[in-house]
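Anchor point for the sequence shown: position 38 equals 38 in UniProt numbering, and the numbering is continuous, going up by one each time.
Report on the following structure.
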Amino acid sequence: MAILTYFIGALIYALPVPLQGLKRWAPRLISDGIYASVLINSFLGIVFLSNQIASQLGASWSDFFGWTSSVVNLEFNVFAAIRTIYALVSLGGTPALDILLAPLSFFSSLLTGTIASIETLVIIGEIIESNYPILLALGVALFSIPFRVGRSVGSGLIASSTVFYIGLPYLPKFIGGILGSPLPSFNQLLQTHDPLNFVNLMAQTVIPDILSVTLFLPAVYVIILAGLSAGLSTALGGSSTRLPFPIDIL
């Protein structure tokens, strides 16, 4: 594609016709061809540099997937505790405690949603970690299409795949830096069998901590990565994509 883009630009330069709208594309195509060739020849270097930056940040995919697994296991433990307390209240025959069934059901539903959010992060991580070279190559291929048809999409794919490949494994450290630990501790909750105390702990401590670790902070971090991706994409792609038509005949 890069060679094709370059030679199309050279061919347009050589056309003996006064089509100024088309002629303006000649230097652009030649420079785009050279630019795309540099990206293609730098492919392995980009992959290597991405791994080196991630290593310098102290982030690894094994740590990321280990953290997500630990979070899901912790959530399942809390979920099991909720179901246990729910069963105790339901079978206890104490009408005064029946009022706790509604918040317990709400906590259970909320926990299911947070588990789904972590599983979504796992899926995204697996796609990026396993297919980063493919995504990068596809981005370079789209970037190299003549007349900048795929330039914006290609630069976006190059930028987002690279930023998320480097940055997403750092999420546990980001959370740990803000909360003091990437994983909350719920030992007090898991050891209590008093329904009222259990519900109070869930509402005051457990649910806010779980939402912070599984939803709020990951969302903030992903937005930061998306912003970095957009900036890098703009730096790579430059001007907007457009076709060389209509052609002005001057």
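Don't be surprised by glycine CBs; every beta carbon is placed ideally from N, CA and C.
Note that the structure is a prediction, hence the values are computed from the model and not measured.
Uninterrupted alpha helix (DSSP H) stretches inside the region 38-109 (no shorter than 4 residues):
43-57 and 61-92
Below 7 angstroms CB to CB, which residues in the same chain sit around LEU64 once its five sequence neighbours on both sides are set aside?
Per the sequence shown, the amino acid found at residue 64 is Phe instead of Leu. Only GLY125, LEU168, PRO169, LEU171 and PRO172 meet the Cβ criterion.
Consult DSSP for ASP32 and reduce its assignment to one of helix, strand or coil.
Secondary structure at ASP32: helix, using DSSP grouped into helix, strand and coil.
Reduced DSSP category for SER181 - H, G, I as helix; E, B as strand; rest coil:
coil
Let's see if you can read the secondary structure: which residues bound the alpha helix (DSSP H) around residue 254?
The question about residue 254 has no answer, for the chain in this structure spans 1 to 250.
Check whether the Cβ atoms of VAL72 and LEU111 lie closer than 8 angstroms to each other.
no
Proximity test, SER181 beta-carbon vs the ligand SAM heavy atom, cut-off 7 angstroms
As presented, the structure is devoid of all ligands, the ligand SAM included, so that no description of it is given.
How about SER161 and GLY139: are their beta carbons less than 8 angstroms apart?
Result yes, Cβ atoms of SER161 and GLY139 sit closer than 8 angstroms.
Whole-angstrom Cβ separation of SER144 and ALA230, contact assumed at under 8 angstroms?
That pair is no contact at about 21 angstroms.
Within the continuous alpha helix (DSSP H) that includes THR162, where are the two ends?
151-167
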